[in-house]
Amino acid sequence: MDATSCLELVTPDFGLANELLVVTAWLAKSGDSVTHGEPLVEITANDVTIGVSAPASGTLRQLCVEEDTVVTAGDVLAQIDLEET
0 MDATSCLELV TPDFGLANEL LVVTAWLAKS GDSVTHGEPL VEITANDVTI
50 GVSAPASGTL RQLCVEEDTV VTAGDVLAQI DLEET
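Below, the structure is given as structure tokens:
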């Protein structure tokens, strides 16, 4: 039985009401090991780029959106298999 837990990386609420949020760059790819706080993706809103970091350490299982995709707060960006402790 697989004991690995999965965590969803979601688009944060940046408090930018009515702004278009676009995933502009993935800094990691599926299968990469990531550490808590590591920048994973860049999102641009109104010519301002904001980095979204890994909420926990583990392995990036799947990217759920491609670059140049419009997202909203709460959208799932990726799935991370958490490290077992």
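0 is the number of the first residue of the sequence shown in numbering that gives the first Met the number 0; add one for each residue after it. Ideal Cβ positions, reconstructed from N, Cα and C, are used throughout, including at glycine.
By the neighbour-count criterion, in which 16 or more other beta carbons inside 10 Å mark a residue as buried, V40 falls on the buried side. Counting only runs of 3+ residues, the beta strand (DSSP E) found wholly inside the region 16–60 occupies 20–25, 38–44, 47–52, in chain order. Under the three-state reduction of DSSP output, V64 falls in the coil class, being neither helix nor strand. In the structure shown, D12 adopts coil according to DSSP, grouped into three states. For D80, the uninterrupted beta strand (DSSP E) run begins and ends at 75–81, by DSSP. Across the structure, S4 and G36 are spaced so that their CA atoms are roughly 18 Å apart. With respect to the C-alpha of L81, the residue from T71, D74, P54 having the closest C-alpha is P54.
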